[in-house]
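Encoded as structure tokens, the structure appears first; notes follow it.
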Amino acid sequence: LGNSLEVVASRKVKLVADVLLDEAEKNSYDLIVLPGGLGGAEAFASSEKLVNMLKKQAESNKPYGAICASPALVFEPHGLLKGKKATAFPAMCSKLTDQSHIEHRVLVDGNLITSRGPGTSLEFALAIVEKFYGREKGLQLSKATLV
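Numbered according to this note's numbering, the sequence shown spans residues 276 to 422.
Here you go:
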């Protein structure tokens, strides 16, 4: 979110982005997905550029998603869950206005895809595959990866 392509995640995993956010915000995307982790979610929530990209994505009726803390800490306070069902990491669910669906491991509501955390990440990925390629392709991939 800063001026470096390299990002160090919460578990000290180093990731290298293709472009800086300044460049990324000039483009449109088929999908924007936020990973979890408390520190990352807090940083995402405070990034006006990223929040604007997410709002544009939602307003364009294009898929967007998040896992773990990000639905509660990024989407909820910025109105990206308004009128939507969502789930999040159990310790973060109290921050969701609508808590009626928080027990779902993965939840797809229109173009919004949310999931609970590390233990649901494969199901989350499969839900994304299904969103773009259909249920049959998702089932094939699930079977091939022993999920």
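Just so it is clear, CB atoms sit at the ideal spot from N, CA and C, and this is done for glycine as well. Please read all numbers here as calculations on a predicted model, not as lab measurements.
Proximity below 9 Å, CB of His376 to CB of Arg391
no
Output the boundary residues of the alpha helix (DSSP H) element that contains Ser390.
Not the alpha helix (DSSP H): Ser390 falls in the beta strand (DSSP E), residues 387–390.
Restricting to Cα atoms, I'd like to know which of Met328, Ile307, Val308 is closest to Asn301.
First, the amino acid is wrong: residue 301 is Lys here, not Asn. Among Met328, Ile307, Val308, the Cα nearest to that of Lys301 belongs to Met328.
For the alpha helix (DSSP H) containing Gly315, name the first residue and the last one.
313–320
With burial defined as no fewer than 16 other Cβ atoms inside 10 Å of the residue's Cβ, what is the status of Ala366: buried or exposed?
exposed
Under three-state DSSP, which class holds Tyr339?
strand
Of the residues Asn278, Val288, Ile307, Ser279, which one's Cα is nearest the Cα of Phe407?
Ile307
Is DSSP giving Ile403 helix, strand or coil here?
helix
In chain order, what residues of the same chain lie with their CB nearer than 6 Å to the CB of His353, ignoring the 5 residues before and after it?
Val326
Over what stretch of residues does the alpha helix (DSSP H) that includes Lys330 continue unbroken?
323–334
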